[in-house]
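J.:
In the working numbering, the protein residues as written are 1 to 154.
1. What do you get for residue 154, buried or exposed, if any count of 16 or more other CB atoms within 10 angstroms of its CB means buried?
2. For residue 3, I'd like the list of residues in its chain whose CB is within less than 7 angstroms of its CB, leaving aside the five on either flank, ordered along the chain.
3. Reducing DSSP to helix, strand and coil, say where residue 91 ends up.
4. Starting from the Cα of residue 141, find the closest Cα among 94, 11, 82 and 77 and give me that residue.
5. Can you tell me whether residue 7 is helix, strand or coil according to DSSP?
6. My parser needs the beta strand (DSSP E) runs of 3 or more residues fully inside the stretch 21 to 45; what are they?
7. What whole-angstrom Cβ distance do residue 37 and residue 83 have, given they're in contact under 8 angstroms?
8. Which same chain residues end up closer than 6 angstroms to residue 116 when comparing Cβ atoms and leaving out the 5 residues on each side of it in sequence?
9. Can you tell which of 121, 105 and 145 has the C-alpha that lies nearest to the C-alpha of residue 131?
10. Counting C-beta neighbours from all protein chains within 10 Å, is the total for residue 108 16 or more, i.e. buried, or is it exposed?
11. Report buried or exposed for residue 89, applying the criterion of at least 16 other Cβ atoms within 10 angstroms of its Cβ.
12. Which of the three DSSP states is assigned to residue 103 in this structure?
13. Helix, strand or coil for residue 135, going by three-state DSSP, please let me know.
14. Expressed to the nearest angstrom, what Euclidean distance is found between the alpha-carbon atoms of residue 10 and residue 41?
15. With a threshold of 16 other CB atoms inside 10 Å of the CB of residue 126, please say whether the residue is buried or exposed.
Quick look at the structure:
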């Protein structure tokens, strides 16, 4: 089993588990490997430290050869925590709202005009309809359509 550190074209880092390097390459070629945050299929392997299974006794110490004197610096400190908070917030919004699908613009207008009870809704609309809703004074917030918002990652 190979555990690879991967990254999409939007710099989202994640881990992938594959049977072998060939399995990873094959899945990548077939478009089966996508970013769990944004769905981007532009995936590349990140550098990662190798895991060495050394057969030594517990009392024996292995000298560190070529170990860096300073710990590596995270080029994006706090990015993982920020991504986790954003994903948690988006999942909460999805869980606490009703999916009205393609009827989003009509439902938002009806609530704005008092024709139906106000509630938290989400759905799909065109960019032009979203602009028209904003011009009419209807508050809308575009959210990314991420598959990870509705399912749990393994």
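Even for Gly, the Cβ is constructed at its ideal location relative to N, Cα and C. Every value quoted in this text rests on a predicted model; they were computed, and no experiment measured them.
T.: A quick look at the data gives this:
1. For residue 154, the pLDDT reaches just 47, beneath the cut-off of 50, and the residue's location in the model is therefore unreliable, leaving the point undetermined.
2. 15 and 17
3. helix
4. 94
5. strand
6. 43 to 45
7. 7 angstroms
8. 110
9. 105
10. buried
11. exposed
12. coil
13. helix
14. 10 angstroms
15. exposed
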